[in-house]
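Student: The working numbering numbers the first residue of the sequence shown as 31 and each following residue consecutively.
Backbone N, C-alpha and C fix where the C-beta goes; we use that ideal spot for every residue, glycine too.
Please read all numbers here as calculations on a predicted model, not as lab measurements.
Sharing a structure here in structure tokens format.
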Amino acid sequence: ANHLRYPNTHTHYFSLVLLHMFPNTKDEAVREQITRVLLERLIAHRPHPWGLLITFIELIKNRQYEFWSHSFVKCAPEVEKLFQSVAYTCLGTTIDRQSESSDATGRAEGAAVAD
31 ANHLRYPNTH THYFSLVLLH MFPNTKDEAV REQITRVLLE RLIAHRPHPW
81 GLLITFIELI KNRQYEFWSH SFVKCAPEVE KLFQSVAYTC LGTTIDRQSE
131 SSDATGRAEG AAVAD
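Below, the structure written as structure tokens:
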């Protein structure tokens with residue numbers, strides 16, 4: 031996370047590396063570690079580096095990463111609240127995870143009807 035700084039090619043490269051590793055690893059512990067390191071930096075002192083914010087926001091907003099469905103996010107109510115709080119701080123809005131899961135269910139039902 032120390033390489034996620036101001037906008038430049040170095041920051042862009044390391045952001046893409048982390049964002050590529052997150053969904054493509056088979057080990058849930060690697061995803062948890064990536065999240066832990068980003069979260070530790072976001073909880074710490076402000077101002078947060080631009081690259082850190084962009085990487086974390088992409089991770090929580092982009093559905094391809096399925097961030098909110100991982101077990102380490104929901105392991106305890108306190109942890110889930112912490113993630114929601116940090117997401118709110120980064121985005122300035124709440125994330126409606128319920129509508130995301132209902133959208134996915136709706137798409138799956140629509141696909142079943144189409145078949």
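Start and end of the alpha helix (DSSP H) containing H78?
Tutor: Residue numbering aside, residue 78 sits at position 48 when the sequence shown is read from its first letter. Where H78 is concerned, there is no enclosing alpha helix (DSSP H), given that its DSSP letter is neither H nor E.
Student: Determine the closest residue to K91 out of T55, Y118 and Y36, with distance taken between C-alpha atoms.
Tutor: Taking the sequence shown and counting its residues from 1, one reaches residue 91 at position 61. Among T55, Y118 and Y36, the Cα nearest to that of K91 belongs to Y118.
Student: Since F86 contacts L72 with CB under 8 Å, what's their CB separation in whole angstroms?
Tutor: Taking the first residue of the sequence shown as 1, we reach residue 86 at position 56. Taking the first residue of the sequence shown as 1, we reach residue 72 at position 42. Correct: roughly 6 Å between the Cβ atoms.
Student: Skipping 5 residues on each side, what residues in its chain have a beta carbon closer than 6 Å to that of Y36?
Tutor: Walking along the sequence shown from the start, residue 36 turns up at place 6. Counting only Cβ-Cβ distances below 6 Å, and skipping sequence neighbours, we find W80.
Student: Are the CB atoms of F102 and E62 nearer to each other than 7 Å?
Tutor: The sequence position of residue 102 within the sequence shown is 72, counting from 1. The sequence position of residue 62 within the sequence shown is 32, counting from 1. Yes, Cβ-Cβ distance for F102 and E62 is below 7 Å.
Student: How many angstroms separate the CA atom of I64 from the CA atom of G122?
Tutor: By 1-based counting over the sequence shown, the position of residue 64 is 34. By 1-based counting over the sequence shown, the position of residue 122 is 92. Spanning the two alpha carbons is a distance of roughly 22 Å.
Student: So, is L48 buried or exposed, given that buried needs 16 or more other C-beta atoms within 10 angstroms?
Tutor: As a working mapping, residue 48 is identified with position 18 in the sequence shown. When all chains shown are included, L48 counts as buried.
Student: So N92 is in the alpha helix (DSSP H); what residue range does that whole segment cover?
Tutor: Within the sequence shown, residue 92 is the residue found at index 62, counting from 1. From DSSP, N92 is part of no alpha helix (DSSP H); its letter is neither H nor E.
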